[in-house]
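Novice: Line order of the protein sequences matches chains A and B. Residue numbering for the first sequence follows this note's numbering, starting at 1 and increasing by one per position. Residue numbering for the second sequence follows this note's numbering, starting at 1 and increasing by one per position. Below is the structure I would like to discuss, written out as structure tokens.
Number of protein chains: 2
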Amino acid sequence: MALIVQKYGGSSVATTEKLQHVARRVAATRRAGADMVVVVSAPGDMTDDLIARAREITDRPPARELDMLMAVGEQVSIALLSMALQALGEPAISLTGPQVRILTDSVHTKARILEIDRRRIDEELARGRIVVVAGFQGTTPDHEITTLGRGGSDLSAVALASALGAVSCEIYTDVPGVFTADPRIVPEAHKLDRLSYDEMLEMASSGAVVLQTRSVEYAKTYGVRLHVRSTWSEEPGTVVEEVTDVERVRLVTGVTHDTDVARITITNVPDIPGIAHRIFSALAERHINVDMIVQTASRGGRADISFTVTKADAPLAGETMREVGREIGAGAIEAGEGVAKVSIVGAGMASNPGVAAKMFGALAGAGVNIQMISTSEIKVSCVVPLEDIQKAVRAVHRAFNLDALG
Amino acid sequence: MALIVQKYGGSSVATTEKLQHVARRVAATRRAGADMVVVVSAPGDMTDDLIARAREITDRPPARELDMLMAVGEQVSIALLSMALQALGEPAISLTGPQVRILTDSVHTKARILEIDRRRIDEELARGRIVVVAGFQGTTPDHEITTLGRGGSDLSAVALASALGAVSCEIYTDVPGVFTADPRIVPEAHKLDRLSYDEMLEMASSGAVVLQTRSVEYAKTYGVRLHVRSTWSEEPGTVVEEVTDVERVRLVTGVTHDTDVARITITNVPDIPGIAHRIFSALAERHINVDMIVQTASRGGRADISFTVTKADAPLAGETMREVGREIGAGAIEAGEGVAKVSIVGAGMASNPGVAAKMFGALAGAGVNIQMISTSEIKVSCVVPLEDIQKAVRAVHRAFNLDALG
Chain A
1 MALIVQKYGG SSVATTEKLQ HVARRVAATR RAGADMVVVV SAPGDMTDDL IARAREITDR
61 PPARELDMLM AVGEQVSIAL LSMALQALGE PAISLTGPQV RILTDSVHTK ARILEIDRRR
121 IDEELARGRI VVVAGFQGTT PDHEITTLGR GGSDLSAVAL ASALGAVSCE IYTDVPGVFT
181 ADPRIVPEAH KLDRLSYDEM LEMASSGAVV LQTRSVEYAK TYGVRLHVRS TWSEEPGTVV
241 EEVTDVERVR LVTGVTHDTD VARITITNVP DIPGIAHRIF SALAERHINV DMIVQTASRG
301 GRADISFTVT KADAPLAGET MREVGREIGA GAIEAGEGVA KVSIVGAGMA SNPGVAAKMF
361 GALAGAGVNI QMISTSEIKV SCVVPLEDIQ KAVRAVHRAF NLDALG
Chain B
1 MALIVQKYGG SSVATTEKLQ HVARRVAATR RAGADMVVVV SAPGDMTDDL IARAREITDR
61 PPARELDMLM AVGEQVSIAL LSMALQALGE PAISLTGPQV RILTDSVHTK ARILEIDRRR
121 IDEELARGRI VVVAGFQGTT PDHEITTLGR GGSDLSAVAL ASALGAVSCE IYTDVPGVFT
181 ADPRIVPEAH KLDRLSYDEM LEMASSGAVV LQTRSVEYAK TYGVRLHVRS TWSEEPGTVV
241 EEVTDVERVR LVTGVTHDTD VARITITNVP DIPGIAHRIF SALAERHINV DMIVQTASRG
301 GRADISFTVT KADAPLAGET MREVGREIGA GAIEAGEGVA KVSIVGAGMA SNPGVAAKMF
361 GALAGAGVNI QMISTSEIKV SCVVPLEDIQ KAVRAVHRAF NLDALG
């Protein structure tokens, strides 16, 4: 029988009614004749609530214990969903990450999947059961509980789909798919039917929170076709897959924005070889993901280096920079919150040099000041003042005629 | 270094402040020079809240999934307590039941401990860490998560103390120890300094909720000395151990009561050999613990059999009796709630035949009607109307001069 992996996010299992809706949906797919593995996230705000409790105790919860704590949310969801499926007459069994043996490295709170042991899942599928697997969590080979980082349940689903050779990996969420921009900000935004992995990757990394970035990388590497769709509707959503047909390439696919951005600037950095390596390897050692990096031109043998990180990583990044700054004899460290990022993404951009200029023009026309710029093959990102982010997104969306997309 | 096992109940870790108090208490014992294993229960009402969520989904949650769900509460407590200890500068590590390898049979929700693997705990102790272990939970040899039944964290602590050869097993709770009666009902009740395992066993099984019955059985079998005491005070509590000095034997040690009682009566049971075996083996197969059993004298070859179970087990027990009743040709099944049990416990009772009569007299004098009677070597229990339980306890406590005990 063909195997389908479905993943349901936390808001889809936040209440008993929602959980029962998910159970009916899973049961319907099962009854249509598929083997099923269902991955679930922690209900609603449970993980955030647990983290808040940890922070009542200590500013810097040890990562290993934080994983021990955070892993419980998904365990609640799988037990309840398995009960709901059994209440509908469907044989089902819940399995934790350690029970499946989703093996990871030991970088707590941001672990990487090394290997998935398919034996237990295969056994349960062979018994005719729907297998409900806890997302977000895994285990090191020596039985330590790990978690995969924010949005890690997407990664669990993709990795399981790949390991099990699933015909389909469906990511259920509160929104109907991936849009040309956030419809809460741009009412004219349209749902995209189909996206390439690279486009999805750039959109995810630049603020479209519909899929976790690492899960898209994983899907791209292992060729897992994703279908992002709504828990609450039967409408097809957005398919993410390898896109090779040249004519379908769009100049600009969508406009994304991200308000979880903090900017850190190290001033007066000596402009000698190896300095950037010192700075960014110090951040990497602390497992801080750096997004945009901008270095000003050198003046008098000194330059400023700015980069962006998530707000959560900003205190540790600032502290790291103060240490590194002292060692290398740099000037003051400036930390700026109050900023946000607006990006355009599109596979056709690489061969069209005017695209970035058009974006800057749209922002200028809307009176939005650009603080940092970063470009890649298929993306242009600008850091702008947080208070201007809505008008920035709308102006850029309009400038690329995305309002007219059908 | 001498090893101490401490167990803290759910109310001791219900809030961040309480948890931090527990951490300071553990740290103080550690700093006084002991190796420490700390067992914790789920915070406050978390387990009950989780069960309530399961019951929103289904009247009869499957036991395996209920264990998956209920095990999370203790995991929250161990992670937070380990964080709180580390925040005080004490090296600590949390371990789940499966991580320790507390191996149990596979009777979900009421599993029995088969064996405890001490290797992981020994490794962590050798690294100088306080080991914080999740109570209540274990694992079958094939990695299924199990729980040990109500109050199972007491059993976890006793079993760990035995497996690790601890010099002391301290059970921390909200009350200062074991009393001659519930002080909320009998203000004159006194704390007992010392109790035998058998007395504690009878008191626990007849309603003194300070210790789980099975944990006392286990302590008796393996000779683990228990110290039941308050989390909130430095005062010594009640020691439970083998008592052999004959002169210390009390006629009546305490009066207990239990309101979690339901009575089930099968009427008109054919009075032929093997019938009682049929009835009670059917209940045992469904893992229903029967407490008191009373059979009336036969009239015309027929008798009535009454027994008591917990309120939670009453629906399943009633259903089982309807099945068995049909098979054996019995009469109606009567299920009575609205009852409670009052008991006296004392090691000296066995050789003093007037004790039961004195109890019945005290109840009669208080106008309390006795519905069922059951006696053992060191206990007499009476089922009485629920609304009379307080005056029953007070009358019996007074009749045995327990008010005067110091």
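Where a beta carbon is used, it is the ideal one built from N, C-alpha and C, also for glycine.
For the region 17–37 of chain A against the region 116–135 of chain A, do three or more pairs of beta-carbon atoms, one drawn from each stretch, fall closer than 8 Å, so that the two count as touching?
Specialist: At 8 Å Cβ cutoff, the stretches touch.
Novice: Please list the residues of the region 37–56 of chain B that have a C-beta atom closer than 8 Å to any C-beta atom in chain A, keeping them in chain order.
Specialist: Cβ contacts with chain A: L50, R53, A54 and E56.
Novice: Which two residues bound the contiguous alpha helix (DSSP H) that contains B/L80?
Specialist: Counting from 1 along the second sequence, the entry for residue 80 of chain B is found at position 80. Looking at the DSSP string, the run of the alpha helix (DSSP H) that includes B/L80 is V72 to A87.
Novice: Write down every uninterrupted run of the alpha helix (DSSP H) in the region 88–164 of chain B whose length is 4 residues or greater and which is fully enclosed by it, in chain order.
Specialist: As far as the region 88–164 of chain B is concerned, its whole alpha helix (DSSP H) runs of at least 4 residues are 97–100, 119–126 and 152–164.
Novice: Going along the region 10–31 of chain B in order, which residues come within less than 8 Å of chain A, judged by CB to CB distance?
Specialist: The region 10–31 of chain B vs chain A, Cβ under 8 Å: T16, L19 and Q20.
Novice: Please state the DSSP three-state secondary structure of B/K311.
Specialist: As a position in the second sequence, residue 311 of chain B is number 311, starting the count at 1. Of the three classes helix, strand and coil, the one that applies to B/K311 here is coil, per DSSP.
Novice: Going by the CB atoms, is the gap between B/S82 and A/E65 shorter than 8 Å?
Specialist: Translated into the one-based positions of the first sequence, residue 65 of chain A becomes position 65. Translated into the one-based positions of the second sequence, residue 82 of chain B becomes position 82. The answer is yes: Cβ separation under 8 Å.
Novice: How about A/S306 and A/V290: are their beta carbons less than 8 Å apart?
Specialist: Here residue 306 of chain A is taken as the residue at index 306 of the first sequence, counted from 1. Here residue 290 of chain A is taken as the residue at index 290 of the first sequence, counted from 1. No, they are not a contact pair.
Novice: Just the chain B side, please: which residues come within less than 7 Å of A/H438 by C-beta, in chain order?
Specialist: The requested residue 438 of chain A does not occur in the structure, where chain A is confined to residues 1 to 406.
Novice: Report the option in A/D49, A/V76, A/A317 and A/M70 whose CA atom is closest to the CA atom of A/S281.
Specialist: For the purposes of this step, residue 281 of chain A is taken as residue 281 along the first sequence, with counting starting at 1. Taking only the C-alpha atoms, the option nearest A/S281 is A/A317.
Novice: Roughly how far, in whole angstroms, is the beta-carbon of B/A23 from the beta-carbon of B/L85, given that I think they are within contact range, below 8 Å?
Specialist: Within the second sequence, the letter at position 23 stands for residue 23 of chain B. Within the second sequence, the letter at position 85 stands for residue 85 of chain B. 5 Å between Cβ atoms; contact.
Novice: Counting only beta-carbon atoms, is B/G406 nearer than 8 Å to chain A?
Specialist: What you label residue 406 of chain B is simply residue 406 of the second sequence in a count that begins at 1. Confidence at B/G406 is low in this model, with a pLDDT of 46, below 50, so its placement is unreliable and the value that follows should be read with caution. Chain A contact via Cβ: absent.
Novice: How about A/L194 and A/V252: do their beta carbons lie closer than 8 Å?
Specialist: Numbered from 1 along the first sequence, position 194 holds the residue referred to as residue 194 of chain A. Numbered from 1 along the first sequence, position 252 holds the residue referred to as residue 252 of chain A. Checking the displayed sequence, the identity of residue 194 of chain A turns out to be Arg instead of Leu. No, Cβ-Cβ distance for A/R194 and A/V252 is not below 8 Å.
Novice: Check the Cβ of B/T58 against every Cβ in chain A and list those closer than 8 Å, keeping chain order.
Specialist: Your numbering for residue 58 of chain B matches position 58 in the second sequence. Chain A residues near B/T58: M83, A84, Q86 and A87.
Novice: Just the C-alpha distance for B/E123 and A/E144, rounded to the nearest angstrom, thanks.
Specialist: On the second sequence, residue 123 of chain B is found 123 positions in, with the first residue counted as 1. On the first sequence, residue 144 of chain A is found 144 positions in, with the first residue counted as 1. When rounded, the distance between both Cα atoms is 14 Å.
Novice: I'd like the list of long-range same chain contacts for A/A312, defined as Cβ closer than 6 Å, with 5 residues on each side in sequence excluded.
Specialist: By 1-based counting over the first sequence, the position of residue 312 of chain A is 312. Result list for A/A312: empty, nothing under 6 Å.
Novice: At the 8 Å Cβ level, is B/E124 part of the contact set with chain A, yes or no?
Specialist: In the second sequence, the residue the question calls residue 124 of chain B occupies position 124. Not an interface residue.
Novice: Identify the residues that DSSP records as bridge partners of A/E241: which are they?
Specialist: By 1-based counting over the first sequence, the position of residue 241 of chain A is 241. Paired residues: A/S196.
Novice: Find the residues of chain B that neighbour A/I78, judging by a C-beta separation of less than 8 Å, and give them in chain order.
Specialist: On the first sequence, position 78 is the one that residue 78 of chain A refers to. Under the 8 Å cutoff, chain B gives M68.
Novice: Taking 8 Å as the CB-CB limit, is B/V131 close to chain A?
Specialist: For the purposes of this step, residue 131 of chain B is identified with residue 131 of the second sequence, where counting begins at 1. False, the Cβ-Cβ gap to chain A never drops below 8 Å.
Novice: Against A/E115, what residues of chain B qualify as contacts under a CB-to-CB distance less than 8 Å, listed in chain order?
Specialist: The residue given as residue 115 of chain A occupies position 115 in the first sequence. Neighbours of A/E115 on chain B: none; closest Cβ ~17 Å, over 8 Å.
Novice: For B/M200, which of B/G138, B/V228 and B/P183 has the nearest alpha-carbon?
Specialist: Taking the first residue of the second sequence as 1, we reach residue 200 of chain B at position 200. Selected option, being the one with the closest Cα: B/V228.
Novice: From B/M372 to B/T265, what does the alpha carbon distance come to, in whole angstroms?
Specialist: Within the second sequence, residue 372 of chain B is the residue found at index 372, counting from 1. Within the second sequence, residue 265 of chain B is the residue found at index 265, counting from 1. Taking the straight line from one Cα to the other gives about 11 Å.
Novice: Three or more beta-carbon pairs under 8 Å between the region 360–371 of chain A and the region 384–397 of chain A, yes or no?
Specialist: They touch, by the three-pair rule.
Novice: Considering just the uninterrupted stretch of the alpha helix (DSSP H) at A/V290, what are its terminal residues?
Specialist: Taking the first sequence and counting its residues from 1, one reaches residue 290 of chain A at position 290. Element bounds for A/V290: n/a, residue is neither H nor E.
Novice: Taking any Cβ of chain A, which residues in the region 371–390 of chain B have a Cβ under 7 Å from it, in chain order?
Specialist: Going along the region 371–390 of chain B in chain order, one finds no residue with a Cβ nearer than 7 Å to chain A.
Novice: Cβ closer than 8 Å: which chain A residues qualify as neighbours of B/Q295?
Specialist: Locating residue 295 of chain B in the second sequence gives position 295, where the first residue counts as 1. None at all; the shortest Cβ gap to chain A is about 39 Å.
Novice: If you compare alpha carbons, which of A/I78, A/L88 and A/V76 is closest to B/D59?
Specialist: Walking along the second sequence from the start, residue 59 of chain B turns up at place 59. Closest option to B/D59, Cα to Cα, is A/L88.
Novice: Given that A/A72 touches chain B, what residues does it touch there, using C-beta distances under 7 Å?
Specialist: Residue numbering aside, residue 72 of chain A sits at position 72 when the first sequence is read from its first letter. Note that residue 72 of chain A is Val in the sequence shown here, rather than Ala. Ordered by position in chain B, the residues that pass the 7 Å Cβ test against A/V72 are V72, Q75 and V76.
Novice: List the whole-angstrom C-beta distance separating B/A262 from B/T310, where the pair is believed to meet the contact cut-off of C-beta under 8 Å.
Specialist: For this step, residue 262 of chain B is matched to residue 262 along the second sequence. For this step, residue 310 of chain B is matched to residue 310 along the second sequence. With 8 Å as the limit, B/A262 and B/T310 qualify as a contact, their Cβ atoms being about 7 Å apart.
Novice: Let's test the definition: count the other Cβ atoms within 10 Å of the Cβ of A/H257 and tell me whether it reaches 16, buried, or not, exposed.
Specialist: Against the first sequence, residue 257 of chain A aligns to sequence position 257. Classification for A/H257: buried.
Novice: Find the residues of chain B that neighbour A/S281, judging by a C-beta separation of less than 8 Å, and give them in chain order.
Specialist: Looking up residue 281 of chain A in the first sequence gives position 281. Going along chain B, no residue has its Cβ under 8 Å from A/S281, so there is no contact; the nearest lies around 28 Å.
Novice: Measure the Cβ-Cβ separation of B/D271 and B/S298 and say whether it is below 8 Å.
Specialist: Within the second sequence, residue 271 of chain B is the residue found at index 271, counting from 1. Within the second sequence, residue 298 of chain B is the residue found at index 298, counting from 1. Yes, they are a contact pair.
Novice: In the DSSP output, what is B/F179 paired with across the bridge?
Specialist: Locating residue 179 of chain B in the second sequence gives position 179, where the first residue counts as 1. Paired residue(s): B/K191.
Novice: What residues in its chain sit with their C-beta under 6 Å from that of B/G149, if we drop five residues either side in the sequence?
Specialist: On the second sequence, position 149 is the one that residue 149 of chain B refers to. Here the set comprises K110.
Novice: Give me the Cα-Cα distance between B/E432 and B/P315, rounded to the nearest whole angstrom.
Specialist: The first residue shown for chain B is 1 and the last is 406, placing residue 432 of chain B beyond what the model contains.
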